[in-house]
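K.L.:
To start, I am sharing the structure in question, which I have written as C-alpha cells.
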Amino acid sequence: MSQGARTPSQGVKRGRTAIASLAALRLSLATLAWTVTTQAQAQSWNGATPDWFTAGNWTPGGVPTNATNATIDTSSPNAAVISSGNAQAQTVIIGLSATGGLTIQNGATLSDSVGALGRFLGATGTATVDGAGSSWSNSADLSVGYSGAGTLTIRNGGAVGNQSGHVGRGAGATGTVTVDGAGSTWTNHIALYVGNSGTGTLTIQNGGTVSNGADAFIGVNSGATGSVTVDGAGSTWTDTGNLYVGQTGTGVLTIRNGGAVSNGADGHIGANSGATGTVTVTGAGSSWTNSGTVSIGEAGNGTLTIASGGAVSNTTAKIGANVGATGTATVTGTGSSWTNSGSLSVGQDGTGTLTIAGGGAVSNTVGAIAANAGSTGSVTVTGAGSSWTNSSNFYVGQNGTGTLTIADGGAVSSLIGIIGAALGTTGTVTVTGAGSSWTTSLAMDVGLSGTGVLTVANGAVVSASSVTLGNLAFSVGTLNIGAASGQTAVAPGALNTPLVRFRTGTGYIVFNHTASNYIFAPVISGSFGTVTVEAGTTIFTAASNYTGATTVNGGTLAVNGSIVSSTTVNSGGTLSGIGMVGSVTVNSGGRLAPGSGAPGSVLTISGSLAMQSGALYLVQLGSVTASRADVSGTATLTGAGVQVRLAPGSTVAKQSTILHAAGGLGGTTFAGASATNFVASLSYTPTDVLLNLSAALGAGTGLNVNQQNVADVLNNAFNGGGALPANFASIFGLTGGNLGTALSQLSGEPATGAQQGTFQFMGQFLGLMLDPSTGGRDGAGRTALGFAPERAAVPDDIALAYAKATKTPLDKAPSVFEPRWNVWASGFGGTGKTNGDAVIGSHDITAQVAGGAAGLDYHLTRDAMVGFALAGGGTRWDLAQGLGGGKSDAFQGGVYAAVRSGPAYVAASLAAASHWVSTDRFAAFGDHLTARFNAQSYGGRIEGGHRVVTSLAGITPYAALQAQSFRTPAYSETDLTGAGFGLAYTARSATDTRGELGARFDRAMLVAPDTALTLRGRLAYAHDWVSDPALSAVFQTLPGASFVVNGATPAKDNALISAGADLHLARGITLSAKLDGTFAERAQTYAGTGTLRYRW
C-alpha cells in the first residue's frame, strides 16, 4: 500500500500542472474575447422605460445588436426588462461602475458573447432570468461579481449558458447566484469558479440544476471565499471534471435534503497549502458522487461531513493527503454512508481523522491509517450500527502513526489486520464496549515490523484466524486484555482466535481486568514473548507451548490447560489451576493456590517449586483430601506459610496431603500453617507435606454464651472423630460478625419465646376472672373487688343512682340477700418486649397476645360468689434481627370464687389451657426450619384485701400470689431446605410464681339520674420467681451433641399500674374498660381489656 499510495499523490501534482496550463489558456482566450468586444460601439441604458427594445432607452439611441456592447449602469427610473423576443448584444455589462439591473422573463431570450455583473469595484449588477423559455446565452464567459457586486437569479424554468462561469471573480468582488426551481438551469460549457479571487455564493434549490464541462472550483485563489449549497430533491450540480472545494482559498460545499453533486474526475477538499475546504452532505437522498479520487486535506485543510442519511461515493480516498495537510471526515447517523470502490487512507502523508458514529457506514478495499512515513491517522468507530468495512488488507500505522478506536457497539471488518506495519511505525487499536467488534477473516499481525498495540476491553470482541505478536525482527506487539500494564483495571473483552503466536520480534500479553472468571482459550505459542497478569482472574484452558516468561504481579492466573513456561508469582499475585505449568517461583507476598478450589484438585508443576520466605501456599480442604501441588522436581519451601481454606459444602478431613515433590523437599519446611477456626499443624515425609487439624471454632473471638455453646458442640463432634456434615464444615470458613451471626442462627433461640406469650396470655385470664372491672359482682361501686361492703350509708342521690343502675333496693341499709346472676364477656390483648442479654447471646423478644373470654358467676350468699369462664385466642412472638419466632392458638377454661367478711375479702381463680404451637426460623445459609407441637399450661391466683373508705375514694390494700406452669413436649424441627441444621428439643416445664403487694382505688359518682360511673386504679409491686427460658437442643444430623440455648430472661421485679372505668347503666348493664402496664428494668408490657356485663 505504501509505494502504491505515493503514486496518486505524484499524479495529482502532474495533474495540477496540466490544470494550471489549461487555466492560463482559458484566461488568455477570455482576455482576448473581452478585448475584442470592448472595441465595439457601446450603448448605455438610460431607463426611460423598462423595455429593452425601446430605442430611446439607450444612449446613443437604438436597440443593441450583436455588434454593440450593452451597458446597464442605472436602474433609475427603470431597470431593463426583456419580456419577449430575442435580445442581442456583443457584451452585456450590468453594473459597470454604478448600479444596473436586468430581468429576462416570459420566455424572452438574450444572446451575447461576454456577460458581466458588477464590472468594476463599487459597481452592483443584478440579473434575473425568470420563467420557462427565458434564457441568457453567453458564447464566452459570464462573470457574476467581476470586480464589484453581482447577483444572478435563475428561477421558474429560466436558463443561463456560458463558457466558463465566475462568481466573485476579482479580488474584492462579491457574486451570488441562485438557481431555483425545477427546469431552472445554469450551463457552464467549460469551467465554473465560485469565489475565484473574491467572494462567491451559489445556491441550487428546489430542483434547479447546474452543470459545467470542465473543472469546478470553490474558493480558488488565496483570500477568496466560495460557498455552494445544493438543496432539495432534484437539485443537482453536474461537474464533468475535477471539483475543488478550497483550491487555494476557502471553499464550502453543502449538499442537503436530497440534493446531488457529481463530478467526472477527482474531488479535492483543501487542495493547496493554505486552502480550507469544507463539504457537508446531510439528509436522506443527499449525495456526492466522484468518478475519481477524493482528497480531504490534499495539501491544505479539508473537512468532510456525511450526516443524517447522506451518501458519498468515489474510487479511492485520502484524508490528509500530502505533507502538512490536515483532513477530517465524519460519517454520522443511520443511513449515512461513504463508499470507496478502491482504497481509503486516513493520513496519507499528512494528518487525517475519520469518525464513524451513530450508525454511519464506510466501505473500501484496502484501508490504511497513517499510510506513509511521517503521517498521522486517527479513526474512531463508535455507536451501535456504525461500521467500517475493509474488503482487503487493513493497516493501522502502515508507515506512520495510526490510532483506531472501536467503541460502544461500533464494528470494523477486514480481510487481514496489520497494526504497526513497517519498521519504526506505531499502530494502536482499542476495541471497547459491549457490541464493539473487529473481525478479520484471516490473520491479524500486532507489530508486523513496527510497534503495535491491541487492547480489547469492556465486553468488546476481536476475531481472527490467528493473532501474531511481534512478527518480524525488531517489531513489538502487545495484546492487552482489559487495560494496559500499569493502568487501572477495567472489564475484559474477548479474543476469538485459536492461536496467539510470538514470532521473531517481541510480544507481550497483558491481563489487567476486573473479571473474576475470564477464560482465555487460544493456544499461545512461540519463544519471544511474555505473559503478565496484573489484575482479575484469568483462566488458561489450552495446551500452550510458549517458552517466554510468565509473571503474575496481581490477580490470579489459573492454568487449567498447560504451559511450559516458567512462572514467577510476585507480591499480590496468585497462581492456581488443575493443569500443568513449568517451574514455579513464588516470591514474598505471592500466593500458590494449587487446584481449582475443590478439595483433591491438583496442579502439576513440571519442574521445580521455589517458595520464598513470606510467600503463601493456599490449600482448599475437603472431606478426604486437600488441594495440592504435584512437583516433578524439588520443592524448596524456605519458611513460606500455609493457609488453609475450607471448601464450601464439603466435609473436613483431619489429616490431608497438601504437597508432593518427587524430587524431595531438600530439607526445607514451611514456617507454619493457619486455618480459620482450626488449630493447624504440619508433618513431613521425605516427599510429602501433611496437614493436621483440630477444631477450635470461635477460639479467642469473644463469642457470647449461646454462640459458644453451639461452637463447642461442633468442635467436640469434629475432634471426637466424627465427620462434620458439609454445611457444618462451611461454618468453619466464617469469621468475625459472619461467624457470630451464623452461630446465633444455629442456636434455635426462637423456640425459647413460647413461654413469654403463654404466661402473659394465662396471666391476663387469671386476673380477668377476679378483676373488679369484670366482676363488680356485688353491685357497681360497692367494693374494690365486689366483695367488701361499702360504708353504712350514702347520700340519697348516689343511693338512688346505684339502685336504678344495679337494680338494688333504694334502702341504703344492707338489704336482705337475694340470689344474683352475672354474665360477662371480655376482649383482651397486649404486647410486651423483653430485652436480650449480649453476654448470654439472647435477643430482644416481642410478644403479643389477643383473646376473648366469657364467664358466668352466681352469688351463693350475699358474701360468697362462684363462677366459671372460658377463653380463646392466640399468641405470637418474634426475635430481633430476623432470627425467627412463633405463634400459638390457645383455649383455656377457669373457675373462680370469692368471699368477704365486712371490708375484707379473699378471692381465687384456677385455669388450664391447651396450646397449638408452631415456630418458624431461618438458620445459617438460608436453611428454613419449622416445627409444630402441642403444649399445656396451668395456673392459679389467690388474692386478699381490706377496703378503707375515705372522703375521696375507696382504697383497698391487697396481696396476691399467682402461679403458672407451662409444659412443652420433646419435638423436632422440619428442615424445609435440607441443609441439615434442624434441631430436636427436649421436653421442658417452665414455671412463673408471682407475688403482688399493692392497692386498688375506686371512686363512684352519678353522671345521670339512672347512670353511675366508677373510676378504678391500681398501683402494685410484683416479684416473679420465673424459669429462665433455656432449652436443651441437639442437631438432628449430629446426634448426641446437645447444647443449651438461652432466651431473653424475664424481668423479676415489676411495677404494676392500672387505670379503668365502669359505666353502670339501667337494667343491670355495665360497660368496663381498663389499661394495664407492667414496667421493669429490661421489660415493658401493655395490656387492655374491654368488658360487657349483665346482672339479673
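When you line the sequence shown up against mature numbering (1 follows the signal peptide of the UniProt record, and there is no 0), it's residues -42 to -1, 1 to 1054, in that order. Cβ coordinates follow ideal geometry from the N, Cα and C atoms, glycine included. The structure displayed is predicted, hence computed values, not measured ones.
(1) Is it the case that the Cβ atoms of Arg77 and Gly106 are separated by a distance below 9 angstroms?
(2) Using the C-alpha atoms, what's the distance from Gly368 back to Ser639?
(3) Could you tell me the boundaries of the beta strand (DSSP E) in which Ile913 lies?
(4) Return the bridge partner residues of Lys276 from the DSSP annotation.
(5) For Ala493, which of Tyr476, His471, Ser185 and Phe478 has the nearest alpha-carbon?
(6) Would you report the Cα separation of Thr609 and Leu649, rounded to the nearest angstrom?
(7) Straight-line CA distance for Gly204 to Val118?
(8) By the three-class DSSP mapping on this structure, what secondary structure does Thr236 have?
(9) Going by the DSSP bridge assignment, what does Pro450 pair with across the sheet?
(10) Please report the Cβ distance between Val414 and Ile439, rounded to the nearest whole angstrom; I am assuming they are in contact, meaning their Cβ atoms lie under 8 angstroms.
(11) Which first and last residues belong to the beta strand (DSSP E) in which Asp173 is found?
(12) Name the residue from Gly123, Ala365 and Ile112 whose alpha carbon lies nearest to the alpha carbon of residue 1056.
(13) Taking the alpha-carbon of Ser590 as reference, which of Trp346, Gly177 and Ser566 has the nearest alpha-carbon?
(14) Tell me, please, which residues DSSP counts as bridged to Thr388.
(15) Apply the 10 Å Cβ neighbour rule to Gln922 and answer buried if 16 or more other Cβ atoms are within range, or exposed otherwise.
(16) Return the residue from the list Gly310, Gly181, Ala1019 and Gly282 that minimises the CA-CA distance to Thr288.
(17) Give every residue of the same chain whose Cβ lies closer than 6 angstroms to the Cβ of Ala978, excluding the five residues on either side of it in the sequence, and list them in chain order.
(18) Could you tell me the boundaries of the alpha helix (DSSP H) in which Ser688 lies?
(19) In whole angstroms, what is the alpha-carbon distance linking residue 1074 and Ile314?
(20) Figure out for me which residue from Ser69, Ser371 and Gly141 has the closest Cα to the Cα of Gly89.
(21) When burial is assigned at 16 or more other CB atoms within 10 Å of the CB, is Thr1049 buried or exposed?
(22) Since I believe Gln48 is in contact with Ala81 (beta carbons under 8 angstroms), could you give me their beta-carbon distance rounded to a whole number of angstroms?
(23) Pop quiz: Ala893 and Ala712 are said to be a contact at Cβ under 8 angstroms. What is the actual Cβ separation, rounded to whole angstroms?
(24) Count the other CB atoms within 10 Å of the CB of Thr1043; is the residue buried (16 or more) or exposed (fewer)?
(25) Could you check what DSSP says for Ser345 in three-state terms: helix, strand or coil?
(26) Taking a contact to mean a Cβ-Cβ separation below 9 angstroms, would you say Ser299 touches Ala269 in this structure?
(27) Run the CB neighbour count on Val3, radius 10 Å, all protein chains shown included, and call it buried at 16 or more, exposed below.
(28) To the nearest angstrom, report how far apart Asn1012 and Phe1037 are at their CA atoms.
(29) Starting from the N-terminal side, write out each stretch of the alpha helix (DSSP H) that is 4 residues or longer and does not extend beyond the segment 803 to 891.
(30) Put Ser702 into one of helix, strand or coil per three-state DSSP.
(31) Verify whether the separation of the beta carbon atoms of Phe676 and Thr995 is less than 9 angstroms.
(32) Is it buried or exposed for Val797, if we count other Cβ within 10 angstroms and need 16 for buried?
(33) Cα separation between Ala931 and Thr789?
(34) From Thr643 to Gly540, what distance separates their C-alpha atoms?
(35) Using a 10 Å radius around the Cβ and a threshold of 16 neighbouring Cβ atoms, would you call Gly737 buried or exposed?
(36) Around the Cβ of Thr693, are there at least 16 other Cβ atoms within 10 angstroms (buried) or fewer (exposed)?
P.N.:
Straight from the coordinates:
(1) Within the sequence shown, the letter at position 119 stands for residue 77. Within the sequence shown, the letter at position 148 stands for residue 106. Yes. Within cutoff.
(2) Sequence index remark: in the sequence shown, residue 639 carries index 681 (1-based). Sequence index remark: in the sequence shown, residue 368 carries index 410 (1-based). When the Cα atoms are used, Ser639 and Gly368 turn out to be separated by approximately 57 angstroms.
(3) Numbered from its first residue, the sequence shown carries residue 913 at position 955. Where Ile913 is concerned, the enclosing beta strand (DSSP E) stretches over Gly912 to Thr926.
(4) For the purposes of this step, residue 276 is taken as residue 318 along the sequence shown, with counting starting at 1. Residue pairing for Lys276: DSSP places it in a beta bridge opposite Ser253 and Ser303.
(5) Walking along the sequence shown from the start, residue 493 turns up at place 535. The candidate whose alpha carbon is nearest that of Ala493 is His471.
(6) Residue 609 sits at position 651 when you count from the first residue of the sequence shown. Residue 649 sits at position 691 when you count from the first residue of the sequence shown. So the alpha carbons of these two residues sit roughly 15 angstroms apart.
(7) Your numbering for residue 204 matches position 246 in the sequence shown. Your numbering for residue 118 matches position 160 in the sequence shown. Looking at the two C-alpha atoms, the distance is approximately 25 angstroms.
(8) Counting from 1 along the sequence shown, the entry for residue 236 is found at position 278. In the three-state DSSP reduction, Thr236 falls in the strand class (E or B).
(9) In the sequence shown, counting from the first residue as 1, residue 450 sits at position 492. Note: Pro450 sits in a beta bridge opposite Ala415.
(10) Along the sequence shown, read from residue 1 onward, the residue named residue 414 stands at position 456. Along the sequence shown, read from residue 1 onward, the residue named residue 439 stands at position 481. The pair is a contact, with the Cβ atoms about 6 angstroms apart (cut-off 8 angstroms).
(11) Position 215 of the sequence shown, counting from 1, holds the residue named residue 173. DSSP places Asp173 in no beta strand (DSSP E); its state is neither H nor E.
(12) With the chain covering only -42 through 1054, there is no way to say anything about residue 1056.
(13) Residue mapping note: residue 590 aligns to position 632 of the sequence shown, counting from 1. Nearest Cα to Ser590 within the set Trp346, Gly177 and Ser566: Ser566.
(14) Reading the sequence shown from its first residue, position 430 is the one you call residue 388. Under DSSP, Thr388 forms a beta bridge with Thr363 and Thr413.
(15) Position 964 of the sequence shown, counting from 1, holds the residue named residue 922. That one is buried.
(16) Numbered from 1 along the sequence shown, position 330 holds the residue referred to as residue 288. Of the listed residues, the one whose Cα sits closest to Thr288 is Gly310.
(17) By 1-based counting over the sequence shown, the position of residue 978 is 1020. Here Ala978 has Glu954, Gly956 and Leu1014 as same chain residues with Cβ atoms under 6 angstroms from its own Cβ, once five neighbours each way along the sequence are excluded.
(18) Residue 688 sits at position 730 when you count from the first residue of the sequence shown. Ala684 to Ile689 is the span of the alpha helix (DSSP H), which, as asked, contains Ser688.
(19) In the structure as shown, the chain starts at -42 and stops at 1054, and residue 1074 therefore has no counterpart that could be examined.
(20) Along the sequence shown, one-based indexing puts residue 89 at 131. Ranked by how close their Cα comes to the Cα of Gly89, the residues Ser69, Ser371 and Gly141 have Gly141 in first place.
(21) Taking the sequence shown and counting its residues from 1, the one referred to as residue 1049 is at position 1091. By the 10 Å Cβ count, Thr1049 comes out buried.
(22) For the purposes of this step, residue 81 is taken as residue 123 along the sequence shown, with counting starting at 1. For the purposes of this step, residue 48 is taken as residue 90 along the sequence shown, with counting starting at 1. Gln48 and Ala81 do not touch by the CB rule: their CB atoms are close to 19 angstroms apart, not below 8 angstroms.
(23) Indexing the sequence shown from 1 puts residue 893 at position 935. Indexing the sequence shown from 1 puts residue 712 at position 754. Sure, about 7 angstroms apart at Cβ, within 8 angstroms.
(24) Within the sequence shown, the letter at position 1085 stands for residue 1043. Counting the other Cβ atoms within 10 Å of the Cβ of Thr1043 gives 16 or more, which makes it buried.
(25) Position 387 of the sequence shown, counted from the first residue, corresponds to residue 345. Reduced to three states, the DSSP call for Ser345 is strand.
(26) Within the sequence shown, numbered from 1, the residue matching residue 299 stands at position 341. Within the sequence shown, numbered from 1, the residue matching residue 269 stands at position 311. Contact: no.
(27) Counted from its first residue, the sequence shown places residue 3 at position 45. The question names Val, yet the displayed sequence has Trp at residue 3. Its Cβ being crowded by 16 or more others within 10 Å, Trp3 is buried.
(28) For this step, residue 1012 is matched to residue 1054 along the sequence shown. For this step, residue 1037 is matched to residue 1079 along the sequence shown. Looking at the two C-alpha atoms, the distance is approximately 5 angstroms.
(29) Counting only runs of 4 or more, we get nothing.
(30) Position 744 of the sequence shown holds residue 702. Helix at Ser702.
(31) Locating residue 676 in the sequence shown gives position 718, where the first residue counts as 1. Locating residue 995 in the sequence shown gives position 1037, where the first residue counts as 1. Contact: no.
(32) Stepping through the sequence shown from its first residue, residue 797 is reached at position 839. Exposed, by the Cβ-count rule.
(33) As a working mapping, residue 931 is identified with position 973 in the sequence shown. As a working mapping, residue 789 is identified with position 831 in the sequence shown. The displayed chain sequence assigns Glu, not Ala, to residue 931. Spanning the two alpha carbons is a distance of roughly 27 angstroms.
(34) Residue numbering aside, residue 643 sits at position 685 when the sequence shown is read from its first letter. Residue numbering aside, residue 540 sits at position 582 when the sequence shown is read from its first letter. Approximately 24 angstroms, taken between the alpha carbons.
(35) Your numbering for residue 737 matches position 779 in the sequence shown. Only weak support is given to the placement of Gly737: the predicted model assigns it a pLDDT of 34, under 50, and the value that follows is read from those uncertain coordinates. Counting C-beta atoms within 10 angstroms of its own C-beta, Gly737 has 16 or more neighbours from the protein chains shown and is therefore classed as buried.
(36) Taking the sequence shown and counting its residues from 1, one reaches residue 693 at position 735. Flag for Thr693 reads exposed.
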